[in-house]
Amino acid sequence: MEYLRLLAEATAGLVAGVEARDPATLSHRPSMRGVKTLVAAFAAPESPRHRDASVLSSAGPLLDRLERMQRPDGLFDSENLASPPDTCFTVNDAALVLDVIAAHPDPLLEGIAERIRALLLRTVEALLVGGVHTPNHRWELTAGLLRLHALTGDARLRERADEWLAEGIDLQADGLYSERSPNYAAYVSNPSLLAIAEATGEERYRDAVRRNLAVTLDLLEDDLQVETVQSRRQDQTERFDGRSFLSQFREFAVADGDGRFAAVVRAILDRGVTEPEIHLAEALARPHLAGALPASTPWRSSGTAVFTESGLVRVRAGAVSASVFGGSDVPRHRRIASGLANSAVLVRARRGALVVEAVRVSPHFFGLGPFRPESIVAGPRIALSARVEAGYHQPLPASARRPDGDYDLGSEGRFFGSMSFPSRATSTVALETRVEVSVDEDGVELALDFAGTDTSWVGEIVLRPGGVLSGVEEPADGAFLIPSGGTARYRVGAETLEIGPGTGSAPDRPPVFDPGELVEYVGGRDRIEGLRLLVTGRTSAPAVLRMRFS
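264 is the number of the first residue of the sequence shown in the working numbering; add one for each residue after it.
Have a look at this one:
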């Protein structure tokens with residue numbers, strides 16, 4: 264089939280790269296991935312290297328490397344030492360290679376298969392008792408347990424898998440997993456749940472993947488980039504390529520006759536497949552993936568999609584696509600950390616190749632940093648709001664005083680001190696920020712309003728590089744200032760964006776974007792890459808920021 268031929272030719276083109284890498288420099292996951300690439304290129308009848316014995320010459324050294332890295336308990340080390348879930352990434356790849364070999368047997372593959380089986384068997388006892396770190400690890404580990412059960416028939420493996428599955432799948436009502444991460448959906452949760460569904464025969468696990476893919480359509484841009492601002496993982500600050508979902512979209516396009524998914528598959532194939540070895544191995548092991556696609560139906564249209572649990576609203580208005588985000592975890596947990604949605608981005612917008620990577624607003628308020636909404640309400644105008652407070656602490660009551668002056672070290676929310684804060688009355692200073700966002704075919708408008716203390720604020724607009732910027736002044740720190748009453752213009756190809764009105768700057772509203780003490784105290788950096796534009800203001804007056812495409 265054409266699909267298999269395309270994948271096989273691309274995978275065969277990767278063989279030289281695998282051969283060129285020194286196995287001694289590789290960890291366990293790229294080592295097994297190299298074996299998978301070689302076996303797929305050799306086994307696929309459509310491959311230019313089909314049954315070319317020289318393709319397998321590097322498989323032996325890669326397996327040698329894997330055997331040397333495997334600990335006596337069967338686990339592998341990586342950044343996480345003796346890691347059951349990280350080991351299962353290799354276990355699941357190894358099991359898939361065995362499936363490919365079983366579907367396309369050849370005498371030259373028998374020795375490879377035997378070594379892989381031995382490697383897998385050595386993992387059993389450790390995985391029967393092994394734990395995890397993150398939500399998605401549960402499904403990677405469970406998929407590995409079930410694949411080992413299929414290999415060995417050891418009932419303990421199925422029982423352990425059932426323990427993990429009894430926790431329930433962490434699919435939110437809005438269709439995103441609890442980590443809200445496209446990366447971990449594409450590479451871990453979705454493929455693991457499909458493997459679990461195959462092993463258990465339970466359709467509910469396929470239903471979870473189907474649901475996640477359906478809402479992913481609302482996160483996809485025309486260039487197949489997937490929105491990540493809502494993520495609680497590393498990809499919240501990165502671009503993510505939706506082509507990684509290829510096999511999953513194809514699974515349900517073929518099985519369900521879903522024309523939307525078929526349209527995405529065709530868009531991926533037209534744009535060029537990434538990581539073809541992954542998709543080829545899956546298609547060789549599960550031939551239904553190469554089945555005929557149904558006719559395409561539109562997968563994107565104008566309208567609004569609300570991801571309530573993730574605090575995200577996606578809007579398509581004609582050629583304009585925008586994300587409005589109010590789902591940061593920072594206001595609740597008062598920290599920036601791995602596993603939290605840390606972003607202070609309020610709006611992203613694009614039309615064609617012209618992309619506004621971020622709009623953020625940072626009031627100067629006790630080092631608390633950018634406005635991160637506590638509430639987002641969808642409607643014709645999407646309402647974002649949050650209230651922040653800081654306090655001045657009063658003297659201790661007589662009953663709490665100590666002659667030695669030795670008071671408890673604790674946090675008052677912003678900082679720590681030996682002050683016995685809970686025993687003190689506090690004079691509170693507060694600031695409420697409200698932003699209403701409207702999106703239409705011309706662009707995006709933000710209306711800002713404040714209540715509480717009078718202070719300065721700075722708005723930051725970050726543009727994806729590659730265009731021509733005019734109508735701005737350049738202050739310090741590499742950011743551009745939109746002059747008072749002025750309009751910045753940014754042109755990318757045939758697209759133009761006007762941003763304004765500018766407010767200039769003054770001593771009482773300096774053009775300095777405050778990332779917050781949580782970042783700066785430890786010498787951190789919260790800089791979004793791109794062309795940075797600034798507007799300034801005071802909380803004593805409302806303001807409007809318009810971004811108009813033409």
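Backbone N, C-alpha and C fix where the C-beta goes; we use that ideal spot for every residue, glycine too. Computed from a predicted structure; not experimentally measured.
- The criterion of a C-beta distance shorter than 8 Å is satisfied by Thr718 and Thr802.
- For His396, no alpha helix (DSSP H) encloses it, and the DSSP letter there is neither H nor E.
- The beta carbon of Thr696 sits closer than 6 Å to those of Phe634, Ala649 and Phe713, all from its chain and outside the five residues before and after it, given in chain order.
- A straight line joining the alpha-carbon of Thr537 with that of Val651 spans about 44 Å.
- Counting every other CB atom within 10 Å of its CB across the protein chains shown gives Leu672 a total below 16, marking it as exposed.
- With a cutoff of 8 Å on beta-carbon distance, Val318 and Ala307 are scored as not near each other.
- By the neighbour-count criterion, in which a residue is buried when 16 or more other Cβ atoms sit within 10 angstroms of its Cβ, Val608 is buried.
- As the crow flies, the alpha-carbon of Val360 is around 31 Å from that of Ser494.
- DSSP places His367 in the coil class of the three-state scheme, outside both helix and strand.
- One alpha carbon belongs to Ser559, the other to Thr274, and they sit about 26 Å apart.
- With contacts defined by Cβ atoms closer than 8 Å, Gly676 and Arg597 form a contacting pair.
- In this structure Ala462 touches Leu409 by the C-beta definition: roughly 4 Å separates them, less than 8 Å.
- Here Trp720 carries a strand assignment [DSSP, helix/strand/coil].
- When DSSP assignments are scanned along the segment 758-810, the uninterrupted stretches of beta strand (DSSP E) that are 3 or more residues long and fall wholly within it turn out to be 758-763 and 794-801.
- Take Pro594, set aside five residues on each side of it, and the residues of its chain with a beta-carbon closer than 7 Å to its own are Arg635, Glu637 and Ala649, in chain order.
- Ranked by Cα distance from Gly632, the options Asp789, Ile645, Leu709 and Arg754 are led by Asp789.
- Per DSSP, reduced to three states, the secondary structure at Gln497 is helical.
- Per the coordinates, the alpha-carbon of Ile379 lies some 8 Å from the alpha-carbon of Leu326.
- Beta-bridge partners of Tyr450 (DSSP): none assigned.
- Relative to Gly730, the option among Thr716, Gly574 and Ala751 whose CA is nearest is Ala751.
- Per the coordinates, the alpha-carbon of Arg312 lies some 15 Å from the alpha-carbon of Gly297.
- Thr274 is bridged by DSSP to nothing; it lacks a bridge partner.
- When the beta-carbon positions are compared, Val785 and Glu620 stay at least 8 Å from each other.
- Pro557 sits in coil when the DSSP states are folded into three classes, being neither helix nor strand.
- Under the three-state reduction of DSSP output, Ser584 falls in the strand class.
- Within a 10 Å sphere around the beta-carbon of Leu547 sit 16 or more other beta-carbons, which makes this residue buried.
- At a Cβ-Cβ threshold of 8 Å, Ala806 and Leu711 count as neighbours.
- In the DSSP secondary-structure assignment, Leu325 is not bridged to any residue.
- In this structure the segment 502-513 lies against the segment 449-457, because at least three pairs of beta carbons, one per stretch, are closer than 8 Å.
- Around the beta-carbon of Ala688, fewer than 16 other beta-carbon atoms lie within 10 Å, marking it exposed.
- Using a Cβ-Cβ distance cut-off of 8 Å, the segment 477-488 and the segment 405-423 are not in contact, since fewer than three pairs of beta carbons, one from each stretch, lie closer than that value.
- The Cβ neighbour count for Thr571, taken over all protein chains shown within 10 Å, is under 16; the residue is labelled exposed.
- Rounded to the nearest angstrom, the gap between the Cα atoms of Gly581 and Val489 is 18 Å.
- Fully contained in the segment 672-748 is no alpha helix (DSSP H) run of length 4 or more.
- Rounded to the nearest angstrom, the gap between the Cα atoms of Gly749 and Pro764 is 5 Å.
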